[in-house]
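Encoded as structure tokens, the structure appears first; notes follow it.
Protein chains: 2
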Amino acid sequence: MFSHLAWHDVDTPLIICCWLTCIILAKIIFHKSRIGHYIPESSLLITLGLIAGYILDHLFVWDIYLHPDLFFLYLLPPIALEAGYMLPFRMFFKNIGTILLYAVVGTCLNILFISGILYLFSSFYQQSIPYIDLLLFSTLISAVDPVAVLSVFEEIHVNQLLYINVFGESLLNDAVVIVLYHSLAHMATIEQIESYHINDAILSFATVATGGVIIGLLFVIFTAFSTKLSVKIPVVQPLISLLLPYCCYLTCESVHMSGIIGIVTCGLMMKPYLDGNLSDKMKTTTKYFMKTLSNTCEAIVFLFLGLSVFSKSHIWDFVFATVTVVACVTVRFFVVIPLTSIANRFRVKRIALVDQAIISYGGLRGAICYGLVQTLDQDVILAKDMMITTTVVVIVFTVFIQGSTIKPLVRLLRVKTEEDKPQLISTQVLNNFADDVMAGIEAVIGRKGGNYYRRRLSAFNHNVLEPNLMLKPTSRGSRLVEKVCEMNNEEIRRNLLQEYQV
Amino acid sequence: MFSHLAWHDVDTPLIICCWLTCIILAKIIFHKSRIGHYIPESSLLITLGLIAGYILDHLFVWDIYLHPDLFFLYLLPPIALEAGYMLPFRMFFKNIGTILLYAVVGTCLNILFISGILYLFSSFYQQSIPYIDLLLFSTLISAVDPVAVLSVFEEIHVNQLLYINVFGESLLNDAVVIVLYHSLAHMATIEQIESYHINDAILSFATVATGGVIIGLLFVIFTAFSTKLSVKIPVVQPLISLLLPYCCYLTCESVHMSGIIGIVTCGLMMKPYLDGNLSDKMKTTTKYFMKTLSNTCEAIVFLFLGLSVFSKSHIWDFVFATVTVVACVTVRFFVVIPLTSIANRFRVKRIALVDQAIISYGGLRGAICYGLVQTLDQDVILAKDMMITTTVVVIVFTVFIQGSTIKPLVRLLRVKTEEDKPQLISTQVLNNFADDVMAGIEAVIGRKGGNYYRRRLSAFNHNVLEPNLMLKPTSRGSRLVEKVCEMNNEEIRRNLLQEYQV
């Protein structure tokens, strides 16, 4: 009577708030208790989801599962954006060749091997599933999940080289998997597959990925522009930095390009512009709010994955599930190791054998597999329910068993770990200097390598974009000079003393 | 074919994103052009809404208006939270008496006078509207809108005394209006009104307001607790600081207490705990994200108000609208001036006549009126459509004409304005010292005044909450001591030189 909002108006947001409060409470309890030291948070959240799912399933007849739309429209974009924004720019581009090798060639090999193994077993076994269905299933099960990988690797602090390779692969292979998945889902409806269908699929992969990158870059320009123009109204800047990348994702998806590639590109490339255009306060706000948002979305994803175990439509097939789990884990080793030996031929800094073991072992599966398996068409893929169950088993296995044992394994194999220490100004100066020298050497010998293109891009930003478009990206060099100019002698002396530990 | 998300999945978020992008663009254009210097942003956004509404209305047959649920559930809470969080704590409690006088007594007088004037006119005029309907309408039209007030007063930088009185009133009178509105809406359905109905209304007002405060305080304890416990996982802290106050709002509304009082209390009182528990980075993130969010919600509200002008259900009644506008503007003067003279008798620092003029003139109406008028029951209040139109007229008039002329008026009347300057440490120390001395004097003479209760609250926080509940609010005094202890002699010398401008 005394309020215009009745319970039925308030219930949806209140239920969402209650779930979020549960997640916060769970996180606090994990961190306060000693469990958090041994088991990654993602496994614990899945367990929480399992328990909650069990209770809800027994109390109410409620069929909760992670709806693919919810995941692909609202939960994935913030996670992908934060991943792109936090990706170490320099390391990513230095390793782009290896990452692409893993993400494209590696994923295709994974799919072929897994589908082969599954086909062999299913033909021996009572039921026979068409090869194209198994190929489709192998495709989605090969998607290494950036969310799962990030949540585990952030805790174990491996060296940056290993981190960037595993994480970069998991980001890019999603695009490969999603495109292949849709091509195959289309093929599964065709009676007779001709060679031009396969050509189409390859062509469409190239289009979808390139389209994503191009739309991403377009939105980088929009973001750079609008943050530059809104320097006097800082209050809208965090909104711009979150809204435009999300627009980019939606635009990509609505024109059937890869949204995940688009938003990662946008997040990665907009960073220097935000660094230049946002004040320190707004930069902190944007960065940490992105972190909070993506962390929350991750937690929701894992909780829902746990809840999904009690979904009504499961069909358990023990043999199929076991074979899939074993295939997923072992095939990755047989793919990563030969590919790395090829990559090492072209690398200056080689990837060690222990690092290869961790790359293979760190191929965790997560919500992307689950989202894709849910979107399968029941009328075309008759074994859909069994595939859902198997996917849940693979996710729970990789996140639980592999996720929990990777930390001891890293210690056992004595993998080089990284310490979180702020980069010293002298290191930064030397790095920039080395880059410039390398670019100079490349110019002298007339070879156009990575350094050459890096210089060209930075020159393009400075000379072309700046005067006409009023964009001013921060070059690290000029920032350092500014920093030094702002310092007085006393501060410089203190810094030097600290750096050289005199 | 190559994407799982089709256009019909993506369209809702994409349309929302497009509107937000339009708002950002509009803000940038306002600030870059010189219009922004003369007309407040709120008026400009209403104009933009008007233009967009006109175009959409002519292109499509689309009935867009600000749905009350959207406003009360999603747009109002962030604005109220930010308002509470940013409210100057000290000034607010120093002026609480005057603010309550304006908000409770003032609003009731406003309602009575406006309804009287409208009743007189409507009985002379062709149509006769029942007095209870007019009383209901007068109630909702008396709601001074914190959003409109804030958006205008933030730009003109009046002195803090004036600001806190206008803004504090607008925050609290909403609660009064909302409660009265619901009591009256209930009464309008009753044939014969007895005196106990009026007693009930008064009682329910007290319950609803107190209930809001109590629930707000409960959530302050939850927030203080959870931020204290999550010091090691800072990434969830901004989420806690936004989520729990929103939960507070929803809880209040679901148990029929005043959500707006609840969330303002929560925002206001949680601040010292967040100051103590959050790191500087997280504090910045929380504060500026709140600002961005509330700023965006405000912009959406004004844009929608403009769009609402072209809603299909309008019935224009020129005389009724004119009488209402004139009554709203003039009655406020006749209420504020006598009330201030009463308040001034009890005040040490009196409110000057020019300040009273600005308080009267600054009673802008906004979305709360609109939200309430939309929730009227068409079957009970036959003149609903005419009332909606009149409300839109009043809002547009007050925001446009009063909002744009208040800045020149402030200059004309030579109202004391405030400069934005950071408080010096010496001023803070002196203020704290003065507070302590005042509390001491009150203790000596045995009177329990505001200073006594402030000391008691702070002592309660320190002695009772801290050791048992592990909460540690920052008392400004102890923070200052910490600050000074962290400084070395050189820094102290530099600060002193700067403060005394030697």
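Just so you know, the sequences run in chain order A and B.
Residue numbering for the first sequence follows the UniProt record's numbering, beginning at 1 and increasing consecutively.
Residue numbering for the second sequence follows the UniProt record's numbering, beginning at 1 and increasing consecutively.
Beta carbons: idealized from backbone N, C-alpha and C, even for Gly.
Chain B within 9 Å of residue i, Cβ atoms only
i        : result
LYS271/A : no
SER311/A : no
LYS232/A : yes
SER360/A : no
MET387/A : no
MET282/A : yes
CYS108/A : no
GLN378/A : no
VAL10/A  : yes
TYR65/A  : no
THR292/A : yes
GLN237/A : yes
LYS32/A  : yes
SER308/A : no
TYR74/A  : yes
TYR246/A : yes
TYR54/A  : no
Within 9 Å, strictly: CB atoms of residue i and residue j
i             : j        : result
ALA185/B      : VAL208/B : no
ASN95/A       : ILE51/A  : no
MET282/B      : LEU242/B : no
PRO40/B       : VAL399/B : yes
THR330/A      : THR390/A : no
residue 503/B : ASP355/B : Residue 503/B lies beyond the stretch modelled for chain B, which goes from 1 to 502, so this question has no answer here.
THR251/A      : PHE219/A : yes
VAL309/A      : GLY49/A  : yes
residue 505/B : LEU87/B  : What is shown of chain B runs 1 to 502, which leaves residue 505/B out entirely.
CYS247/A      : CYS247/B : no
ILE381/B      : LEU180/B : no
ILE388/A      : SER313/A : yes
GLU169/B      : GLY106/B : yes
GLN374/A      : TYR65/A  : yes
LYS349/B      : LEU112/B : no
Residue burial classification, residue i (beta-carbon count within 10 angstroms, cutoff 16)
i             : result
ASN468/A      : Residue placement at ASN468/A cannot be trusted, given a pLDDT of 39 that sits under 50; what the coordinates show is reported in the next sentence. Result: exposed.
ASN173/A      : buried
GLN378/A      : exposed
CYS369/B      : buried
CYS192/B      : As written in the sequence, residue 192/B is Gln, which differs from the Cys given in the question. By the 10 Å Cβ count, GLN192/B comes out exposed.
LEU244/B      : buried
ILE156/B      : buried
GLY97/A       : exposed
TYR196/A      : exposed
ILE46/B       : buried
HIS58/B       : exposed
TYR273/B      : buried
SER204/B      : buried
LEU471/A      : Caution applies to LEU471/A, whose pLDDT of 44 falls short of 50 and renders its modelled position unreliable; the value that the coordinates give is listed next. With 16 or more other Cβ atoms within 10 Å, it is buried.
SER33/A       : exposed
residue 513/A : Because chain A is modelled from 1 through 502, residue 513/A falls outside the range shown and cannot be assessed.
PHE2/B        : Here PHE2/B scores only 40 on pLDDT, less than 50, and its place in the model should not be relied on; the value that follows carries that caveat. The residue in question, PHE2/B, is buried, as its Cβ has 16 or more Cβ neighbours within 10 Å.
VAL464/A      : Unreliable placement is indicated for VAL464/A, whose pLDDT of 46 sits below 50; the coordinate value is still reported in the next sentence. VAL464/A is exposed by the Cβ-count criterion.
Residues that DSSP places opposite residue i in a beta bridge
i        : result
THR324/B : For THR324/B, which the question treats as bridged, DSSP gives no partner whatsoever.
ARG365/B : VAL144/B
VAL158/B : THR417/B
Short CB-CB distance (under 9 Å) between residue i and chain A
i        : result
PHE302/B : no
LYS94/B  : no
LYS384/B : no
ASN295/B : yes
PRO338/B : no
LYS349/B : no
LYS407/B : no
CYS18/B  : yes
GLU155/B : no
Check whether the region 72-83 of chain A and the region 286-303 of chain A are in contact - that is, three or more C-beta pairs closer than 8 Å.
yes
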